[in-house]
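In what follows, a structure is listed as structure tokens, so that the remarks can point back to it.
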Amino acid sequence: MFRFFSPGPVLVEFPIDTLYPYGLVRQHLRISDNPQSWRQRFTNWYLRFYLFRLFANGFQIKPCLPGQEPTQIPVLVPSIPWPSTKSIDQLVWLLSQAKRPVVVVSSQALLPPVPAAQTAEYVKSLRVPVYLTGMARGLLGRQHPCAFRHARRAALRVADLIILAGTVCDFRMDYGRVLNRKAKIVIINRDKKQLYLNSLTQPIERINPLSVLWQLEHKGLTDHESIIVADGGDFVGSAAYILRPRGPLSWLDPGPFGTLGVGGGFALGAKLCRPEANVWVVYGDGSSAYSLAEWDTMARHRAPAIGVIGNDACWSQIARDQMGLFGSNVACGLQSTRYDLVGAAYAGADIHDALLKSGGDCGGFTVTEKNLDKLPELMAQARELSCRGTPSIINCHIAASGFREGSISL
């Protein structure tokens, strides 16, 4: 049984020499005790190294006296992650404040080192509705009043606190769609990848790009006259899944060859053809450099657009495949540039005012994790500036995302 991360059955295939005892394999290798030449010494070194790898890779050899064979090889105890006291205290506080808590327990909760019977007592002591799945079925016995079997989807939609104990937000949980968006959600999982699956909250300071795009779709593109111009790689590729054009001829992109740099020109053309429409340019930080200077043209000719830049300081679409193929992200790294200041300067704002305050009449807005809740308000300010003929830039400091992992991007 594989015991690290998310445990489960694995295939283990043994070469024939690993099935023999250590002494017999060493005897067959015929390691010389008194090598006479450098070639024999090198051969001895290689055979000893092979013997060590064969029997000791993944194990720890106890110290032994000179001349004594290292035959006693204890198995290393697997490292099992434990929550911090702070995390436990936070969970206790959330439980004390919740009015409609729901716990979903799955197979991981029954894994060692905590016995299943002890886990059952812990769960019973919570005295909250519990749904059991996988190997956790039967954890609370046959007729415990807190063990529920039906209407799980309905319960998760109205719960104000949801605890997923070893439960993954995969197809069985409809990828998280069944969870109440307003609820506090606590996920307990041994596998970090599963822990953050379908998560809109990144464990770092930057914000999730999907969160930015979701707010742009529901809070930014508020009128049916909006035009979307797509110019970028990874961020724009994600946007194509989330943003919905408001009508015919309201989406412009680089086409099948992905020719970056069309954003500024497309936005100018769209605004001149349909001056009543709000034009939104969705940029990656790499692609924005090709046509950001057109914000000066927009300001001078009062043909404004609103630029939304997904700034992850990287050519992410290229870096993802480059790292996989070559193990290096050389030439793919960028800086977390203040594109909001660039946009404000092109819009004609005083650079000192732009440094002191983000937004307002400056034409430059910056979005981080700290002010993500203000993004709808910033988008509204950008629309007001556009109505007055002033272009603007919303610089969103986004985190790296695995949303487009596996896409062909060369």
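For the sequence shown, full-length UniProt numbering assigns the number 1 to the initial residue and increments by one for each residue that follows.
Here a beta-carbon is modelled for each residue, glycine too, at the ideal position from N, C-alpha and C.
Supposed contact pair residue j and residue i - C-beta distance, whole angstroms, cut 8 Å
{"i": "residue 382", "j": "residue 309", "result": "Contact doesn't hold; Cβ gap of about 12 Å is too wide."}
{"i": "residue 224", "j": "residue 247", "result": "6 Å"}
{"i": "residue 41", "j": "residue 35", "result": "4 Å"}
{"i": "residue 156", "j": "residue 178", "result": "5 Å"}
{"i": "residue 292", "j": "residue 367", "result": "So it is not a contact: roughly 17 Å between Cβ atoms."}
{"i": "residue 116", "j": "residue 130", "result": "Not confirmed; about 14 Å, so no contact."}
{"i": "residue 80", "j": "residue 113", "result": "6 Å"}
{"i": "residue 233", "j": "residue 315", "result": "7 Å"}
{"i": "residue 337", "j": "residue 373", "result": "Not quite, the Cβ-Cβ distance comes to about 24 Å (not below 8 Å), so this is no contact."}
{"i": "residue 376", "j": "residue 215", "result": "6 Å"}
Proximity of residue i and residue j at Cβ, strictly below 8 Å
{"i": "residue 158", "j": "residue 227", "result": "no"}
{"i": "residue 299", "j": "residue 391", "result": "yes"}
{"i": "residue 106", "j": "residue 165", "result": "yes"}
{"i": "residue 54", "j": "residue 18", "result": "yes"}
{"i": "residue 136", "j": "residue 162", "result": "no"}
{"i": "residue 431", "j": "residue 243", "result": "Because the chain spans 1 through 410 in this model, residue 431 falls outside it and cannot be assessed."}
{"i": "residue 369", "j": "residue 206", "result": "yes"}
{"i": "residue 398", "j": "residue 311", "result": "yes"}
{"i": "residue 386", "j": "residue 209", "result": "no"}
{"i": "residue 140", "j": "residue 109", "result": "no"}
{"i": "residue 346", "j": "residue 296", "result": "yes"}
{"i": "residue 186", "j": "residue 91", "result": "yes"}
{"i": "residue 294", "j": "residue 264", "result": "yes"}
{"i": "residue 463", "j": "residue 327", "result": "Given a span of 1 to 410 for the chain in the structure shown, any question on residue 463 remains unanswerable."}
{"i": "residue 303", "j": "residue 249", "result": "no"}
{"i": "residue 335", "j": "residue 319", "result": "no"}
{"i": "residue 128", "j": "residue 104", "result": "no"}
{"i": "residue 239", "j": "residue 213", "result": "yes"}
Environment of residue i [buried if 16+ CB atoms lie within 10 Å]
{"i": "residue 235", "result": "buried"}
{"i": "residue 349", "result": "buried"}
{"i": "residue 118", "result": "exposed"}
{"i": "residue 317", "result": "buried"}
{"i": "residue 230", "result": "buried"}
{"i": "residue 58", "result": "Low confidence applies here, because residue 58 scores a pLDDT of 37, under 50, leaving its location unreliable and the question unanswered by this model."}
{"i": "residue 85", "result": "exposed"}
{"i": "residue 88", "result": "exposed"}
{"i": "residue 331", "result": "exposed"}
{"i": "residue 97", "result": "exposed"}
{"i": "residue 15", "result": "exposed"}
{"i": "residue 396", "result": "buried"}
{"i": "residue 151", "result": "exposed"}
{"i": "residue 394", "result": "buried"}
{"i": "residue 132", "result": "buried"}
{"i": "residue 193", "result": "exposed"}
{"i": "residue 75", "result": "The pLDDT assigned to residue 75 is 47, lower than 50, so where the model puts this residue is not dependable; a value taken from the coordinates is nonetheless given after this. Flag for residue 75 reads exposed."}
{"i": "residue 379", "result": "buried"}
{"i": "residue 266", "result": "buried"}
{"i": "residue 12", "result": "exposed"}
Strand pairing of residue i, partner residues [DSSP]
{"i": "residue 231", "result": "283"}
{"i": "residue 101", "result": "161"}
{"i": "residue 311", "result": "397"}
{"i": "residue 214", "result": "DSSP, once it has assigned bridges, lists no residue as partnering residue 214."}
{"i": "residue 130", "result": "103 and 147"}
{"i": "residue 182", "result": "In the DSSP output, where bridge partners are listed per residue, residue 182 has none listed."}
{"i": "residue 392", "result": "306"}
{"i": "residue 252", "result": "229"}
{"i": "residue 141", "result": "DSSP, once it has assigned bridges, lists no residue as partnering residue 141."}
{"i": "residue 80", "result": "Note: residue 80 sits in no beta bridge, so no partner."}
{"i": "residue 242", "result": "Per DSSP, none; premise fails for residue 242."}
{"i": "residue 187", "result": "164"}
{"i": "residue 333", "result": "314"}
{"i": "residue 207", "result": "398"}
Span of the alpha helix (DSSP H) around residue i
{"i": "residue 273", "result": "263-273"}
{"i": "residue 339", "result": "339-346"}
{"i": "residue 193", "result": "192-195"}
{"i": "residue 318", "result": "316-326"}
{"i": "residue 378", "result": "375-387"}
{"i": "residue 33", "result": "No alpha helix (DSSP H) holds residue 33; DSSP gives it neither H nor E."}
{"i": "residue 18", "result": "Unbroken run through residue 18: none, as it is neither H nor E."}
{"i": "residue 294", "result": "294-301"}
For residue i, the first and last residue of its enclosing beta strand (DSSP E)
{"i": "residue 367", "result": "364-367"}
Proximity test, Cβ basis, 8 Å: residue i and chain B
{"i": "residue 84", "result": "This model lacks chain B altogether, as it is built from one protein chain only."}
Check: residue i C-beta below 7 Å from any heavy atom of the ligand SAH
{"i": "residue 122", "result": "For the structure depicted, the ligand SAH is absent and the ligand set is empty, with no information on it obtainable."}
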